[in-house]
Structure formats: structure tokens, C-alpha cells
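In what follows, a single structure is set out as C-alpha cells and then discussed.
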Amino acid sequence: MNFLAHAYLSFEDPKVLIGNFIGDFVRGPVEEIYERDIVIGILLHREIDRFTDTHPVVKEAQQLLKPEYGRYSSVITDMYFDYFLGRYWKNYHHQPLDEFAQDVYKVIEAYHQILPESFLKAYQYMKHYNWLYSYSELDGIRRALTGISKRTRFDSKMETAHLFLDENHEVLRKHFGDFFEDLVSFSKKRLSVLKAEI
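Per the numbering used here, the very first residue in the sequence shown carries number 43; after that it's consecutive.
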């Protein structure tokens, strides 16, 4: 999943959110570096990613993309799912998406001093282009996927993936809906277990 989903799946716990956001940017014994609730967020992030990567509905969505996008199908699917979460945000959260995004940025800035440099570089772009909100719009997804395509080693064709999304909107939306319900349930349970164990 991408940044918006990880923010949502932190369930309004600021320290868990920080860990959830830096999960891909930290290595080694994180429990020696970060406090308990941030570590919980890091571990939750990794469990969310594992659950997503192995879920049959996600694999089905990726199969739709593979003929055109090959190895990049998983990256594109993550972006699509953030798009659907943002596009239909009112179905999932009481707070308007633009307000939610600004609140997330405030939390990140409050913990700025302890965040890894690699994450902070990404965060500069995240806030400047308001990724958490812009991913809810087709043009925002187009810009993001085009940016990623410029950084790939091989010809990813990701600059065209917004067209595939537009043409297959309802099919992919169903995949997202079927999957995300399972993901929310899984994340709530795992967060509860992690808080009890750590």
C-alpha cells in the first residue's frame, strides 16, 4: 500500500503513524533507535505490506496489469489503491481528506528531528505536491506515476497507467473494495496484538 493507506491504517495514533510512514526507510534493530509506539508502527507497516502482497484479490488486480506493465504492476496497484481510498474517502473516514492530509503533515513535522534523512527527502515532495490529497484525483495519479517512471531502470510505461485506471475504473474499484475491507480488519487486529506484545 502507499502513503495514504498507511496513514489511514495508523488509526489516528500519531506515533504509530510515524512508524508506519518510515517502515520502508529504516533497517536493523529499530527497537534500539525508536520508542515503543513508533516501533509498533514500523512493524505494522511491514505486516500491512506482507498481507497486501499475498492477498488473492491484489494478485488478481496485478494480473490485469501484467500484460502491459509487467514487474511494475505491484507498484501501480499500490498507487491505484491509494487513489480509490482518496476518491471514496467519505466512505471510510469522518474527516475531510484535505484536513486529514494537513493533520498528517503536522504530525510528521512534530517528529522531524528523529526521522531518517531518506524519508525526509521524500516528505519534501509529499508535502509540496500534497500527495495524500492529490492521489485522490486522476491527474494526481498521472503526475505521480510519470515521476516514478522517470526513475525506473527499465521502460515501465507507468506514464500511461492513469489511462489504464480510467478505462478499467469499475473493475479495479471492485478489487480495491473487496481487498480493503480485509486489510482494515487485519490491521486493527495486528495493531492490537502488537500493542499487547511489545
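Ideal placement from N, C-alpha and C gives every residue a C-beta, glycine not left out.
All figures in this text were calculated on a predicted structure; none of them were measured in a lab.
Under the criterion of beta carbons closer than 8 Å, Ala186 and Tyr175 do not qualify as touching, at roughly 12 Å. Around the CB of His48, 16 or more other CB atoms lie within 10 Å, so the residue is classed as buried. No Cβ-Cβ contact shorter than 8 Å links Asp140 with Phe45. Taken in chain order, the complete beta strand (DSSP E) segments of 3 or more residues contained in the segment 81-151 number zero; there are none. Taking Gly182 as the centre and dropping the five residues before and after it, the same chain places the C-beta of Ser176 closer than 6 Å to its C-beta, in chain order. If you draw a straight line from the Cα of Ala152 to the Cα of Lys169, it comes to about 14 Å.
Asn133 and Ala143 have their C-alpha atoms roughly 16 Å apart. Here the alpha carbons of Ser160 and Leu225 stand approximately 27 Å from one another. Only buried fits Asp120, as 16 or more other CB atoms lie within 10 angstroms of its CB. With contacts defined by Cβ atoms closer than 8 Å, Ser229 and Leu86 form a contacting pair. The segment 203-210 and the segment 107-120 touch, with three or more beta-carbon pairs separated by less than 8 Å. Leaving aside the five residues that flank Arg215 on each side, the residues in its chain whose CB is nearer than 7 Å to its CB run, in chain order, Phe126. A distance of 8 Å or more separates the beta carbons of His211 and Glu102.
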